[in-house]
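**Q** Provided herewith is a single structure, encoded as structure tokens, for subsequent inquiry.
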Amino acid sequence: MIRGAKIPFNLVYRVFLASILFSILGTSPLSAQDVRDSAHVEEIVTESAHTEVLVTESAYAGRETGAIGDQERAETATEEEQGDQERAEGATEEEQGASGDEQEHGATGEDHGALPPVWMVLPFVTILIMIATGPLFFAHHWHRHYPRYSVALGLFVSGYYIFALDTFTPVQHAATEYISFIALVASLFIAASGVFLSLNLKGSPRNNIVLLFVASVVANLIATTGAAMLFIRAYMRLNAGRLRAYHIVFFIFLVANVGGALTPIGDPPLFLGFLRGVPFFWTLTHVWYIWLPTTILILLVFYVFDRRNRAEGPAPDPDKPMISLQGTKSFIWVAIIVASVFIDPNVFEWVPNLVQLYGIPFGIREIIMFSVAALAFLTADKEALKKNEFTLEPIREVGWLFLGIFATMQPALQLISNFASTNSDSLTVGMFYWGTGLLSAILDNAPTYLNFLAAAMGKYAMDANAPAVVASFAEGVVQSGLSSTIVLQAISVAAVFFGALSYIGNAPNFMVKAIAEANGVETPSFMGYIFKYSLPILLPIYFVVFVVFFSGWIF
-15 MIRGAKIPFN LVYRVFLASI LFSILGTSPL SAQDVRDSAH VEEIVTESAH
35 TEVLVTESAY AGRETGAIGD QERAETATEE EQGDQERAEG ATEEEQGASG
85 DEQEHGATGE DHGALPPVWM VLPFVTILIM IATGPLFFAH HWHRHYPRYS
135 VALGLFVSGY YIFALDTFTP VQHAATEYIS FIALVASLFI AASGVFLSLN
185 LKGSPRNNIV LLFVASVVAN LIATTGAAML FIRAYMRLNA GRLRAYHIVF
235 FIFLVANVGG ALTPIGDPPL FLGFLRGVPF FWTLTHVWYI WLPTTILILL
285 VFYVFDRRNR AEGPAPDPDK PMISLQGTKS FIWVAIIVAS VFIDPNVFEW
335 VPNLVQLYGI PFGIREIIMF SVAALAFLTA DKEALKKNEF TLEPIREVGW
385 LFLGIFATMQ PALQLISNFA STNSDSLTVG MFYWGTGLLS AILDNAPTYL
435 NFLAAAMGKY AMDANAPAVV ASFAEGVVQS GLSSTIVLQA ISVAAVFFGA
485 LSYIGNAPNF MVKAIAEANG VETPSFMGYI FKYSLPILLP IYFVVFVVFF
535 SGWIF
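For reference, each letter of the sequence shown is one residue, going -15 to 539 in the working numbering.
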């Protein structure tokens, strides 16, 4: 199934039944639908150019090709025919990629159908409000019925797209992105839970800082989700007797988000950039000197918090090793999951594109991940699972809630995509940084990254669908004194860092919260996390990052 093509209603029906089934079983990795379909965008635009012509967002490119067309048809074309010709050639220019961001993200509505009305973001806002207030004001009712609310809101948005806007594409994208998301999160959750990491140390600010930093580095090797699932229980045991809500919060800040900014493996937005053409080691060489001071600043704030905690944890046992592992065979499953992230048609040509071939909303990668999840559970060290107090409740909660989130956020993503592509010329580095960041805090940061990457490349009149062009953009193209490298740095850093601003900003955030609560640990509420911790702690740090690296005020 290719983007822009309509799919049968019964297929959409089966897609959502499958999504619901996966959630019930409790089983992005990436929001890679945009990347999977990129090879077919030009074919679609070529076909649509014969039936419907769009030039409102290709005016600049249309003027160039229109001048050529005027010379070729000047002797025979009437004034009306010349206008038609300009529109047709404007669409041809889109086909050639001069407006690649519009093709990829449907800025004109061609990709997703007609733009939804602004009020269609209300279901998304509603589910966020319910996640924030439910556990506080009607906890019993919420914990019993939240799956129904999530599904109902998701079906309302999907039904509006299908019946009111006569398009299935956003529904298909929601299903594909959700299945990719839940496949990665569930498989890593189950596989990493088979490893029991024991730290025979006393909980202290120094030991916590060392663990948080090490886990942040490891996040670049096994993804933020894998690192979070591996270290969270050991981190909580290390602080037994002195564990507070801020411990969980800073773990989310660092291990589940900021830590994974150095490699494409670390966080889904960076991996999508790699699939699009950004060199694999580009993030390491261009982001490390931003990542390191940001990580240090967050650790310094954590030290202030933890230093004030006077509670004492148990003393280490002198007869036990400082670090021990049980269930190490589960690392094999973790490695397979991480390796399967690269099993993508855009990376290896031999990988079949199931989305294109059969119209199903998942690929070989997701099949492998779900299979590994089952095998990892069946072969896990049962004693290690018991010591980790493993249950499926955290992934069940995440599965149900994010089913609604992925379905209801499609209108917001589409409207943002349209705005970014139509206003790319006026966007500054600061707008790319803050826009990407703040939207990544409440939306899926992977499609947000892609939208702003396409808009940034449109600003430089470059095609976001051509890997070689994307690589040139990453290495640096100067226009009006502004290097494209700085713009891509701003988008990359913001997409990863700002995911820590809310529980839904990045995949492992809510998982860490759910695991902590399942183990009886106090965690902040949705709004408490934002207003008590992330805004007062992270925003000042991110502002310093902006001033030093992206404002132009210093360098």
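Where is the CB? At the ideal position from N, CA and C, for every residue including glycine. Because the structure is a prediction, the values reported are computed rather than measured.
#1: Nearest by alpha-carbon distance to Lys186: which of Pro298, Ala396 and Tyr342 is it?
#2: Just grab the DSSP bridge partners of Val462 for me.
#3: Among Ser401, Gln398 and Thr160, which one has its Cα closest to the Cα of Val339?
#4: Three Cβ pairs or more, each shorter than 8 angstroms: is that satisfied between the segment 340 to 350 and the segment 154 to 171?
#5: Using the DSSP secondary-structure output, state which residues sit across from Ser182 in a beta bridge.
#6: Leaving out the 5 sequence neighbours to the left and right, which residues in its chain are closer than 6 angstroms to Leu283 when beta-carbon positions are compared?
#7: Which term fits Tyr273, buried or exposed, when burial requires 16 or more other beta carbons within 10 angstroms of its beta carbon?
#8: With 16 as the cutoff for other CB atoms within 10 Å, does Ala136 come out buried or exposed?
#9: When the distance is taken between beta carbons, is Asn503 closer than 8 angstroms to Glu373?
#10: In whole angstroms, what separates the C-alpha of Asn223 from that of Ser408?
#11: With a threshold of 16 other CB atoms inside 10 Å of the CB of Ser308, please say whether the residue is buried or exposed.
#12: Taking the alpha-carbon of Trp418 as reference, which of Met511, Val529 and Ala458 has the nearest alpha-carbon?
#13: For the alpha helix (DSSP H) that Asp290 lies in, which residues bound it at each end?
#14: Leaving out five residues on either side along the sequence, give the residues of the same chain with a beta carbon under 7 angstroms from the beta carbon of Lys516.
#15: Going by alpha carbons, who is nearest to Ile379 out of Thr151, His124, Ala167 and Ile113?
#16: Near Tyr133, which residues of its chain fall below 8 angstroms by C-beta distance, leaving aside the five closest residues on each side in sequence?
#17: So, are the CB atoms of Val413 and Ala450 less than 8 angstroms apart?
#18: Below 8 angstroms, can you find three or more Cβ-Cβ pairs linking the segment 477 to 493 to the segment 242 to 258?
#19: Should Phe108 go down as buried or exposed, given a rule of 16 or more other Cβ atoms within 10 Å for buried?
#20: In angstroms, rounded to a whole number, what distance separates the CA positions of Met446 and Pro329?
#21: Do you know how far the Cα of Ala391 is from the Cα of Gly138?
#22: Does the Cβ of Trp275 have 16 or more other Cβ atoms within 10 Å, making it buried, or fewer, making it exposed?
#23: For Thr269, which option in Thr420, Ala323, Ile488 and Ser476 has the closest C-alpha, if you only look at C-alpha atoms?
#24: Tell me the rounded alpha-carbon separation between Lys370 and Leu149.
#25: Out of Ala203, Ile514, Val288 and Pro395, point me to the one whose CA is closest to Val141's CA.
#26: Please tell me whether Glu350 and Ile174 are closer than 8 angstroms, where the distance is taken between their beta carbons.
#27: Please look up how many angstroms separate the CB atoms of Ala426 and Ile488, rounded, as I've assumed it's under 8 angstroms.
#28: I'd like to check one pair, Ala240 with Asn490: are the Cβ atoms closer than 8 angstroms?
#29: When you compare only the Cα positions, how much space is there between Ile232 and Trp384?
#30: Three-state secondary structure (DSSP) at Asn223?
#31: According to the neighbour-count rule (16 or more other Cβ atoms, all chains shown, within 10 Å of its Cβ), is Val169 buried or exposed?
#32: Skipping 5 residues on each side, what residues in its chain have a beta carbon closer than 8 angstroms to that of Gly225?
#33: What are the boundary residues of the alpha helix (DSSP H) that includes Val322?
#34: Is it right to say Trp103 is buried, meaning 16 or more other beta carbons lie within 10 angstroms of its own, or is it exposed?
#35: Is the Cβ-Cβ distance between Gly257 and Ala455 less than 8 angstroms?
#36: Would you say Gly442 and Ala364 are within 8 angstroms of each other, going by their C-beta atoms?
**A** Taking the definition as stated:
#1: Taking the first residue of the sequence shown as position 1, residue 186 is located at position 202. Out of Pro298, Ala396 and Tyr342, Pro298 has the C-alpha closest to the C-alpha of Lys186.
#2: The residue labelled residue 462 in the question sits at position 478 within the sequence shown. BP columns for Val462 point to Ser467.
#3: Looking up residue 339 in the sequence shown gives position 355. Of the candidates Ser401, Gln398 and Thr160, Thr160 places its Cα closest to the Cα of Val339.
#4: yes
#5: Within the sequence shown, the letter at position 198 stands for residue 182. In the DSSP assignment, the residues bridged to Ser182 are Ser308.
#6: Counting from 1 along the sequence shown, the entry for residue 283 is found at position 299. A distance below 6 angstroms between beta-carbons, with the five flanking residues on each side excluded, links Leu283 to the following residues of its chain, in chain order: Ile193.
#7: Here residue 273 refers to the residue found at position 289 when the sequence shown is read from its first residue. That one is exposed.
#8: On the sequence shown, position 152 is the one that residue 136 refers to. Looking at its Cβ environment, which holds fewer than 16 other Cβ atoms inside 10 Å, Ala136 is exposed.
#9: Locating residue 373 in the sequence shown gives position 389, counting from the first residue. Locating residue 503 in the sequence shown gives position 519, counting from the first residue. It is a contact, given that the beta carbons lie within the stated cut-off.
#10: For the purposes of this step, residue 223 is taken as the residue at position 239 of the sequence shown. For the purposes of this step, residue 408 is taken as the residue at position 424 of the sequence shown. For Asn223 and Ser408, the distance between alpha carbons rounds to 48 angstroms.
#11: As a working note, residue 308 is residue 324 in the sequence shown. It counts as exposed.
#12: Locating residue 418 in the sequence shown gives position 434, counting from the first residue. Of the candidates Met511, Val529 and Ala458, the one whose C-alpha sits nearest the C-alpha of Trp418 is Val529.
#13: To locate residue 290, count along the sequence shown from 1; it is residue 306. That run of the alpha helix (DSSP H) goes Trp266 to Arg291.
#14: Within the sequence shown, numbered from 1, the residue matching residue 516 stands at position 532. So the qualifying residues of the chain are Pro508.
#15: The residue you call residue 379 lines up with position 395 of the sequence shown. When only C-alpha atoms are compared, the closest one is Ala167.
#16: As a first step, residue 133 is located in the sequence shown; it is residue number 149 there, counting from the start. Around Tyr133: Ile111, Met114 and Gly388.
#17: What you label residue 413 is simply residue 429 of the sequence shown in a count that begins at 1. What you label residue 450 is simply residue 466 of the sequence shown in a count that begins at 1. No, the Cβ-Cβ distance between Val413 and Ala450 is not below 8 angstroms.
#18: Touching, per the Cβ criterion.
#19: Within the sequence shown, the letter at position 124 stands for residue 108. Buried, because 16 or more other Cβ atoms sit within 10 Å of the Cβ of Phe108.
#20: Within the sequence shown, numbered from 1, the residue matching residue 446 stands at position 462. Within the sequence shown, numbered from 1, the residue matching residue 329 stands at position 345. Those two C-alpha atoms are separated by around 23 angstroms.
#21: The residue labelled residue 138 in the question sits at position 154 within the sequence shown. The residue labelled residue 391 in the question sits at position 407 within the sequence shown. Going by the C-alpha atoms only, they are around 5 angstroms apart.
#22: Here residue 275 refers to the residue found at position 291 when the sequence shown is read from its first residue. Taking every protein chain shown into account, the CB of Trp275 has 16 or more other CB atoms within 10 angstroms, so this residue is buried.
#23: Counting from 1 along the sequence shown, the entry for residue 269 is found at position 285. If we check each option's Cα against that of Thr269, Ser476 comes out closest.
#24: Locating residue 370 in the sequence shown gives position 386, where the first residue counts as 1. Locating residue 149 in the sequence shown gives position 165, where the first residue counts as 1. The straight-line gap from Cα to Cα measures roughly 50 angstroms.
#25: Counting from 1 along the sequence shown, the entry for residue 141 is found at position 157. With distances taken between Cα atoms, Val141 lies closest to Pro395.
#26: Taking the first residue of the sequence shown as 1, we reach residue 350 at position 366. Taking the first residue of the sequence shown as 1, we reach residue 174 at position 190. Not a contact, by the Cβ cut-off of 8 angstroms.
#27: As a first step, residue 426 is located in the sequence shown; it is residue number 442 there, counting from the start. As a first step, residue 488 is located in the sequence shown; it is residue number 504 there, counting from the start. Looking at the sequence itself, residue 426 is Ile, so the reference to Ala does not match. Rounded, the Cβ-Cβ distance is 7 angstroms, consistent with contact.
#28: Position 506 of the sequence shown holds residue 490. Position 256 of the sequence shown holds residue 240. At the C-beta level, Asn490 and Ala240 come within 8 angstroms of one another.
#29: In the sequence shown, the residue the question calls residue 232 occupies position 248. In the sequence shown, the residue the question calls residue 384 occupies position 400. Rounded to the nearest whole angstrom, the CA to CA distance from Ile232 to Trp384 is 22 angstroms.
#30: As a position in the sequence shown, residue 223 is number 239, starting the count at 1. Asn223 sits in coil when the DSSP states are folded into three classes, being neither helix nor strand.
#31: Within the sequence shown, numbered from 1, the residue matching residue 169 stands at position 185. By the 10 Å Cβ count, Val169 comes out buried.
#32: Counted from its first residue, the sequence shown places residue 225 at position 241. Closer than 8 angstroms at the Cβ level, and outside the excluded window around Gly225, lie Gly187, Ala295, Glu296, Gly297 and Pro298.
#33: As a working mapping, residue 322 is identified with position 338 in the sequence shown. Element bounds for Val322: Ser314 to Ser324.
#34: Reading the sequence shown from its first residue, position 119 is the one you call residue 103. Exposed, because fewer than 16 other Cβ atoms sit within 10 Å of the Cβ of Trp103.
#35: Counted from its first residue, the sequence shown places residue 257 at position 273. Counted from its first residue, the sequence shown places residue 455 at position 471. Result no, Cβ atoms of Gly257 and Ala455 do not sit closer than 8 angstroms.
#36: Along the sequence shown, one-based indexing puts residue 442 at 458. Along the sequence shown, one-based indexing puts residue 364 at 380. Contact annotation: Gly442 and Ala364 have beta-carbon atoms that are not nearer than 8 angstroms.
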